[in-house]
Amino acid sequence: MNLNICCAELLWRNFRQRFGTMQYDYSKNKDEHPEPINADVKGLIPEWLQGTLIRNGPGLFSLGETRYNHWFDGMALLHSFTIKKGEVTYRSKYLQGDTYNSNMQANRIVVSEMGTMAYPDPCKNIFSKVITFLSHTIPDFTDNCANNIIKYGNDYHATSETNYIRKIDPMTLETQEKVDYLKYLPVNIVASHTHYDKEGNSYSMGTCIAEKGKTKYTLFKVPGGSGSDGSPPLKSAEVVCTVPCRSLLTPSYYHSFGMTDNYFVFIEQPLKLDVLKMATAYLRGVNWASCMKFHAEDSTLIHLIDRKTKKEVGIKFYTGAMAVYHQVNAFEDDGHVVFDVICYDDNSLYEMFYLDKLKEQMGADTMYCKPKCKRFVLPLSDMGETGEDLVKLKYTTASAVKEKEGKVLCQGEGLCDGVELPRINYNFNGKKYRYSYMCCVDISPVATKVSTIFIFTAGGIFYQLNCFSSEPVFIPRPDAVDEDDGVVLTCIINAKPVQGGFLLVLDGKSFKEVARACIDVDFHMDMHGYFIPDSS
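Be aware that the sequence shown starts at 25, since it is given in our numbering, and climbs by one per residue.
Following this line, the structure appears as structure tokens:
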């Protein structure tokens, strides 16, 4: 099955004729709005929709005479939409962690980020410069958590991918305690995306670098309700299992992983961090991101972990080189584990978000390495002849060919191209599903359309906007039976700067507009978010 649902060149030509060139200034510092602002709601928000959508992303890119090189490096700006009885209130606030406070006090960038190395003020003395050098040789990473919002126990945290997260008040967006993973778990880097089960337990993955001569990936669980006694929820964290890294000093970078009822799926991709180069980056005058390299000659290892035994299954699954940031969903079906991912042929996506390159691309017919939504299938049994395709499911062309020494070569099925930031009805996480809600990025990495992709039917529904759309978040109707019974929320940045943005509410079935909550605020482009339903 192939869902090539759009032709990029034709869409772009039609879009240009209708709307012209849309531009967004990625380097513009955004104002915060810590006091609630009442939105002008057009349409009718369903009565059952009650709660707060919190989103996170970079919003501050220059301080004094210094500026960040990469869009991902900007200071975290949280914003929220609280929905109650058909009305919406908005607020935004910068995450005031140690990094933010240090930068503000100095009126310059003094804490390094992945794509921007901070160097001392030329006016500082030699002692300060030596201290700065040593802090970058064995780096204490930033707590500028500008990527996502996750929940551990009863606490909500802003997160990036370092060993630090920041607890926040989800209602006021006030910054609270700084939490160091290393106090509770041997993990130096932790993925931005977390999974949750129906009992409220949280599952995350982190990398332990060169501890006792070994580098390994650690999957851990934080029990639901932990921290109710006032202690940090991570104090109750349990290591579920560890997976050895295939190379000691070049661990794989990863942003997410998959989970079914009985298995975890972890992709060890050939996008690797060179630890030794990172340790010397400051001395060599380069940023840490330059130490991350895509090795096109290497394979991608697919680790399937049994949740009951807490060990890897015996089959060694692998596929060709690819870069994966987001997994869509994974589920079990008739002796197979099926998982869908958004993948790239290389790591050029990160390079495109350097602020200088973003300025160059504005208004240009920039074509890039488009993401592909692919389906992979892992057979739970390798019984068969060498050279045999072990996939027996009729609805997919994905293959898994048995090789010698317990290896199985997997080839994915292309579902569609030019989509990113996938979300699903999370009640169907780890289960067989039909729908995913994504942003269309078929022309550039900036989303101008929100789409529903039908996973099992050859088509999709689009909602076209002359605007920039954020990651679409599906909220199921309480007690709903149908998978698509609910609404999709997405934050919209107006292409015309003089007009404010709005929260768009789409019907999950028809994908027609139900309502929009307009706010006279210049929204920032965000990354990910979390919807907290009103407990009342």
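Backbone N, C-alpha and C define an ideal beta-carbon position, used for all residues, glycine too.
With burial defined as no fewer than 16 other Cβ atoms inside 10 Å of the residue's Cβ, what is the status of residue i: buried or exposed?
i, result
"Ala347", "buried"
"Arg115", "buried"
"Asp55", "exposed"
"Glu185", "buried"
"Thr140", "buried"
"Lys191", "buried"
"Glu321", "exposed"
"Lys240", "buried"
"Val203", "buried"
"Asn80", "buried"
"Glu437", "buried"
"Leu530", "buried"
"Asp97", "buried"
"Thr183", "buried"
"Thr333", "exposed"
"Cys463", "buried"
"Glu507", "buried"
"Asp558", "exposed"
"Ser534", "exposed"
"Lys398", "buried"
"Val432", "buried"
"Arg308", "exposed"
"Asn171", "buried"
"Gln523", "exposed"
"Gly237", "exposed"
"Asp550", "buried"
"Val505", "exposed"
"Asp441", "buried"
"Pro268", "exposed"
"Lys335", "exposed"
"Gly88", "exposed"
"Glu444", "buried"
Could you name the residues that DSSP lists as bridge partners for residue i?
i, result
"Met229", "Leu243"
"Arg91", "Ser86"
"Cys367", "Val348, Lys396"
"Ile291", "Ile326"
"Val362", "Phe355, Val401"
"His219", "Tyr227"
"Ser493", "Ile516"
"Thr199", "Ile192"
"Leu77", "Phe105, Phe555"
"Asp204", "Tyr188"
"Arg501", "Beta-bridge pairing links Arg501 to no other residue."
"Lys296", "Ser276, Lys317"
"Thr166", "The partner list for Thr166 (beta bridge, DSSP) is empty, contrary to what the question assumes."
"Gly67", "Ala539"
"Thr284", "Per DSSP, none; premise fails for Thr284."
Is residue i near the ligand FAD, judged by its Cβ being under 6 Å from some heavy atom?
i, result
"Gly411", "Only the bare structure without any ligand can be found here, which leaves the ligand FAD out of the picture."
First and last residue of the beta strand (DSSP E) that includes residue i?
i, result
"Met316", "316–318"
"Leu325", "324–330"
"Ala182", "179–183"
"Asn212", "No beta strand (DSSP E) holds Asn212; DSSP gives it neither H nor E."
"His57", "57–62"
"Asn172", "172–176"
"Cys265", "262–268"
"Tyr50", "From DSSP, Tyr50 is part of no beta strand (DSSP E); its letter is neither H nor E."
"Phe341", "340–343"
Just to confirm the assignment, what range does the alpha helix (DSSP H) spanning residue i have?
i, result
"Ser104", "Note, Ser104: premise wrong, no alpha helix (DSSP H); beta strand (DSSP E) at 99–108."
"Arg190", "First-last for Arg190: 188–192, but that is the beta strand (DSSP E), not the alpha helix (DSSP H)."
"Ser372", "372–376"
"Lys301", "299–308"
Completely contained alpha helix (DSSP H) runs for the stretch 119–149, where each covers 4 or more residues: Entirely contained in the stretch 119–149, the alpha helix (DSSP H) runs reaching 4 residues are, in chain order, 122–130.
Within the stretch 400–467, ranges of the beta strand (DSSP E) (whole runs, at least 3 residues): With a minimum length of 3 residues, the continuous beta strand (DSSP E) runs that stay inside the stretch 400–467 are 423–426, 431–435, 437–441, 443–447, 459–464.
Length-filtered (3 minimum) beta strand (DSSP E) runs lying within the stretch 504–555: 510–518, 525–531, 537–543, all fully within the stretch 504–555.
Three-pair Cβ contact test at 8 Å for the stretch 266–280 versus the stretch 232–239: Flag = yes, the stretch 266–280 and the stretch 232–239 touch.
The stretch 405–413 contacting the stretch 363–373, beta-carbon criterion three pairs below 8 Å: No, because fewer than three Cβ pairs between the stretch 405–413 and the stretch 363–373 fall closer than 8 Å, the two stretches do not touch.
Cβ pair count under 8 Å reaching 3, the stretch 491–502 against the stretch 510–523: Yes, the stretch 491–502 touches the stretch 510–523.
Inter-stretch contact (C-beta, 8 Å, three-pair minimum) for the stretch 532–549 and the stretch 61–74: A contact exists between the stretch 532–549 and the stretch 61–74.
The stretch 250–264 contacting the stretch 292–302, beta-carbon criterion three pairs below 8 Å: Segments in contact, no.
At least three beta-carbon pairs within less than 8 Å, the stretch 376–383 to the stretch 421–429: Touching, no, given that fewer than three Cβ pairs across the two stretches are closer than 8 Å.
Inter-stretch contact at 8 Å, needing at least 3 Cβ pairs: the stretch 312–326 / the stretch 335–346: Taking a cut-off of 8 Å on C-beta distances, the stretch 312–326 touches the stretch 335–346, as three or more cross pairs fall below it.
contact_flag[the stretch 217–232, the stretch 120–139] where n(CB pairs < 8 Å) is 3 or more: No contact exists between the stretch 217–232 and the stretch 120–139.
Given 8 Å, three or more beta-carbon pairs between the stretch 248–256 and the stretch 302–310: Fewer than three pairs of CB atoms, one per stretch, sit closer than 8 Å, so the stretch 248–256 makes no contact with the stretch 302–310.
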